[in-house]
Ligand code: FIX
Ligand code: ZN
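What follows is the structure in structure tokens.
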């Protein structure tokens, strides 16, 4: 019998297990939220061992095990920072945190000798790689079909690339990220003014029209698959604020016109410890009634949502059950640990079935997609094995083709279906 015609009943636990592992391992992934860039973006694309070791997750963990003063660390060069992090987190202590284990998984899956613990050898290997071919290798090892960038028109380093002659890399899709527009209108409107948009801080009708023009211009330039913003825990709608006005009178109509989702990433409290720089952000439970409001008021708009607090996750699942125009995605940031990914994926599949995007990598360093997906594939496969085992224990018979279909759906299909969905 051919693979795809194979079926599994309650008497074939071993075959079922193998089929699920194979489907999840072999499915090429659409990584729908990352901070990686195409090679044409030059230094904005981070990769290699020193970038892996100075990832802000490891910086935060370093300061917990080192008494080095913040300013002394920040005065070091990046290679020197990498060396003290390696020595502290990997040599003087066991690298058992998820972020540390991730570095080891990357080295191992790239074929380096992890047992040598020889940072000089790792450096030499990465130094011998060329960016474009390294990206090819990393995408292959990670099993990525494509990834979605985070593109920010307010980023002074990124804008020139788009205003230049950037030729899109079909593996890296664009997104319009608009945190400054929504979270700092008081200063960002001056930037729009400087770029030729006739806006006033008062957000009069002319300004709202110009904000819609700004969004339109950059959606077209980025070929943006969606618009995205990270929002504080106290994000509230409806509200008498520039953020609420821009969302309801600019983002909603423009997203509807382009039929693209608006992604809200809620619950981050920025810079609770500025001395940690990028590692200085934190989390608080969010107000999720704003999601009920926006999904109910705009049924023809599409919303992708992830929240940062573990405490939010059950309510978020229930909210998603109420609104077909809301798609949950990922185990974001502080939730991206094996124990919480398993807990969230079980909860989501039990409450929402296969109508979710279980994970995104959020990779800031290209090589991270290897570990973030290797670790998450393992957990997603484990949860799916349990769910199919429960089904066949009740007499259901599941086919290999259906298992492959479900894996495709969860690891990219649901995202692309939602992008194309007309409500
Ligand atoms: O807002 C975001 O896109 C967050 O993912 C980042 O700000 C954060 O630093 C991160 O990379 C978390 O994984
Ligand atoms: Zn992110």
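Residue numbers (our numbering): 1370 to 1792. Glycine included, every Cβ here is placed at the ideal spot set by N, Cα and C.
- Along the length of the stretch 1546 to 1632, whole alpha helix (DSSP H) runs at least 4 residues long occupy 1548 to 1552, 1554 to 1563, 1574 to 1591, 1611 to 1615, 1621 to 1627, reported in chain order.
- The beta carbon of residue 1530 is closer than 6 Å to those of 1410 in its chain, skipping five residues each way along the sequence.
- Distances between the C-beta of residue 1585 and the heavy atoms of the ligand ZN are all 7 Å or more.
- When rounded, the separation of the alpha-carbon atoms in residue 1500 and residue 1740 is 19 Å.
- Taking residue 1464 as the centre and dropping the five residues before and after it, the same chain places the C-beta of 1458, 1470, 1472, 1473 closer than 8 Å to its C-beta, in chain order.
- In this structure, the alpha-carbon of residue 1636 lies about 9 Å from that of residue 1675.
- Taking the Cα positions, residue 1668 is about 26 Å away from residue 1714.
- Between residue 1427 and residue 1761, the alpha-carbon positions lie close to 42 Å from each other.
- As for any beta strand (DSSP E) of minimum length 3 sitting wholly inside the stretch 1714 to 1785, there is none.
- Relative to the non-hydrogen atoms of the ligand FIX, the Cβ of residue 1742 never comes closer than 7 Å to any of them.
- Inside the stretch 1460 to 1544, DSSP marks whole alpha helix (DSSP H) runs of 4 or more residues at positions 1467 to 1478, 1488 to 1496, 1500 to 1511, 1528 to 1532, from first to last along the chain.
- Membership of residue 1385 in the alpha helix (DSSP H) is indicated by the continuous run 1382 to 1395.
- In the three-state scheme derived from DSSP, where H, G and I count as helix and E and B as strand, residue 1414 is classed as coil.
- Going by DSSP, residue 1428 is part of no beta strand (DSSP E) but of the alpha helix (DSSP H) stretching over 1425 to 1434.
- For the ligand ZN, no non-hydrogen atom lies closer than 7 Å to the CB of residue 1603.
- Taking every protein chain shown into account, the CB of residue 1433 has fewer than 16 other CB atoms within 10 angstroms, so this residue is exposed.
- A straight-line Cα-Cα distance of about 50 Å links residue 1526 and residue 1758.
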